[in-house]
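What follows is a single structure, written as structure tokens, with notes after it.
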Amino acid sequence: MRARPAVWVLFVAALFGCLQLANVSGRDTPDSRNYLSYGLSLGGAGKAEATHRTIEYVCASRAGKASRAQSVNLRRFRAPDPGPEVREECRKHYESLTGHRLRAGQTSGWTAPFASERFMRIFEVRPGFPLLLVPFVTVLGATWGLWAAGVCVAAAGGVLVFLVLRTVGVPVWAALTGQVLYYVLPTGATAMRPMTEGTMLALTLTALWGCALLLRGRRGAWPVALSLALLFTVKHSQALFLAVCLAAACAVLALYRRRAGRPVGAAVRTLLTVSAAAAAGTVLLSRLLRYPSESESLQDLLTDHYNMADRERPWPEFLRLEANFWTEWLRRQFLQPLLLALLAAGGWGALRYRPAFGALLAAAAGTGVLAVSAHPDIAIDRLWVMVWLLPVVGVPLLLTGLVEADSLSRGLRALPSPGAPPRTPAPRTREGLGPARSGPGAKGPGPKGSSDG
445 MRARPAVWVL FVAALFGCLQ LANVSGRDTP DSRNYLSYGL SLGGAGKAEA
495 THRTIEYVCA SRAGKASRAQ SVNLRRFRAP DPGPEVREEC RKHYESLTGH
545 RLRAGQTSGW TAPFASERFM RIFEVRPGFP LLLVPFVTVL GATWGLWAAG
595 VCVAAAGGVL VFLVLRTVGV PVWAALTGQV LYYVLPTGAT AMRPMTEGTM
645 LALTLTALWG CALLLRGRRG AWPVALSLAL LFTVKHSQAL FLAVCLAAAC
695 AVLALYRRRA GRPVGAAVRT LLTVSAAAAA GTVLLSRLLR YPSESESLQD
745 LLTDHYNMAD RERPWPEFLR LEANFWTEWL RRQFLQPLLL ALLAAGGWGA
795 LRYRPAFGAL LAAAAGTGVL AVSAHPDIAI DRLWVMVWLL PVVGVPLLLT
845 GLVEADSLSR GLRALPSPGA PPRTPAPRTR EGLGPARSGP GAKGPGPKGS
895 SDG
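According to this note's numbering, the sequence shown is numbered sequentially starting from 445.
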């Protein structure tokens, strides 16, 4: 670690970016087309042009994935490349679908009409990520623009992990470990995909950095407030989840300290005020702007994005689905308990060695549990991404604590036991290079100014 820490941070981030060249395309999801068309429209493209460019990107991505999948298929790798056919069928399907909707008058808003106006309204109220895409897709085009935006967002997330860990007082090697964990765990792969999750991760880490600054007695309220405000533009439900979870964690910390007879502290009070105000402001502003409510989100979940009739009694069905989801999720986790093990290690490290910050970290990670609970779909893994922040930041804290405890233990063992005679240090030479030598083979001191080396 003789080089400056910034050099190592940039090196790790650059290495991660170079590795992402292996998959420039093929990262899209059904939501990506909505964000891309939104960004193209904000960049000045007309509705027809934005729709056409988005269809070209989506179909090229699907064709590439089909070609790669067949190349390793034991039964079909000898067959002709299916990519061109998949691309043509995809283009015909979406051109027919969007063309019909455009001719029917579905031309309002910023997104291409890939679905009903009711469903597209969910994405219309999320301008933050499309605004981030505008300079990238304008200069580099759709494919390379989305890739470059993903690299920048994912790399920034890793750098923020390093910054958070250094702020809470861990050594450089542990902070770099956290940065690497961010890139190699699902957080890195999810942040690279053209969706809101990468931006949400970066903003959540910025809020955690502000929390760490406050706990260190420095000005950290502004990163927390700014992150929550920007999160509202990216995904207002996530802003609400984070504000509520941070406020709850601060309330628990305040109650614990009062019962222990300790002062609550200005940092906890400030953070409680900021997060509570952000939660109230998020609810109020979303109501004033007529954003889709929780009932709309519930109908979207239970009707396959409004492709079926609305459910008359959605809440009993939702609760039944919720119970089934968590039962199946736990069964799958017990089969492969990697996430549970990492959560236990990260939680132990954070709460054991940095208790106050650990509570806030657990609160931020808990927003992932709330997101999954609000949309219990066993086929979607990206909703869990916030949960992975607990091992990403907590495991380096655990390693730091273990190393510090081991160093302390060695130092205590090196102390003389009570009643033992003090050890007499061996005489040393003038240069302090080792014990003085005596006897027949001893050499006298050399000429003045010389050294034994």
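Note that the Cβ used here is the ideal one computed from N, Cα and C, for glycine as well.
Take the alpha-carbon of L843 and the one of L787: they are about 14 Å apart. Here R477 is actually not in contact with C503; their C-beta atoms are around 10 Å apart, not less than 8 Å. The alpha carbon of E568 has as its nearest neighbour, out of L782, G490 and Y479, the alpha carbon of Y479.
The alpha helix (DSSP H) runs of length 4 or more contained entirely in the stretch 651 to 722 are, from start to end of the chain, 665 to 678 and 680 to 703. Taking the Cα of F685 as reference, the smallest distance to any Cα among A722, R776 and D472 is reached at A722.
In the three-state scheme derived from DSSP, where H, G and I count as helix and E and B as strand, T771 is classed as helix. Note on geometry: alpha-carbon atoms of V696 and F676 lie some 25 Å from one another. In terms of Cβ geometry, L590 and L607 do not form a close pair [threshold 8 Å]. Of the residues H496, L465 and K679, the one whose Cα lies closest to the Cα of T811 is K679. In the displayed model, G490 falls within coil according to three-state DSSP, outside both helix and strand. Nearest Cα to A556 within the set A593, E532, G527 and T495: T495. For R471, the three-state secondary structure derived from DSSP is coil. Contact check for G461 against V581 fails: the beta carbons are separated by 8 Å or more.
For the pair R565 and V628, the Cα-to-Cα distance works out to about 34 Å. Here the stretch 599 to 618 makes contact with the stretch 649 to 666; the two share three or more CB pairs at distances below 8 Å. With three or more CB-CB distances shorter than 8 Å, the stretch 625 to 643 counts as touching the stretch 831 to 848. Rounded to whole angstroms, the gap between the alpha carbons of Q682 and A618 is 29 Å. Shortest Cα-Cα distance from E756 to any of A711, H749, A767 and Q743 involves Q743.
A507 is a Cβ neighbour of V530, given a cutoff of 8 Å. Inclusion of A651 and L672 in the CB contact set at 8 Å is warranted, their separation being smaller than that value.
Counting along the chain, the unbroken alpha helix (DSSP H) around P799 starts and ends at P799 to A818. A direct Cα-Cα distance of roughly 21 Å separates D525 from I499. Taken in chain order, no unbroken stretch of alpha helix (DSSP H) lies wholly in the stretch 492 to 539 with a span of 4 residues or more. Residues L684 of the same chain have their beta carbon placed closer than 8 Å to that of V727, with the five preceding and five following residues left out of the count. With contacts defined by Cβ atoms closer than 8 Å, A693 and A785 do not form a contacting pair. Here DSSP, grouped into helix, strand and coil, assigns L833 to helix.
With respect to G527, A513 sits apart: the two C-beta atoms are not nearer than 8 Å.
Straight across, the Cα-Cα distance linking G709 with R702 is about 10 Å. F762 has its alpha-carbon roughly 8 Å from the corresponding atom of L746. Rounded to the nearest angstrom, the Cβ distance from V616 to P449 is 5 Å, consistent with a contact under 8 Å.
For the set L715, E561 and A687, the Cα lying nearest the Cα of A698 is the one of L715. Inter-residue distance for R706 and G790 is about 26 Å (C-alpha atoms, whole angstroms).
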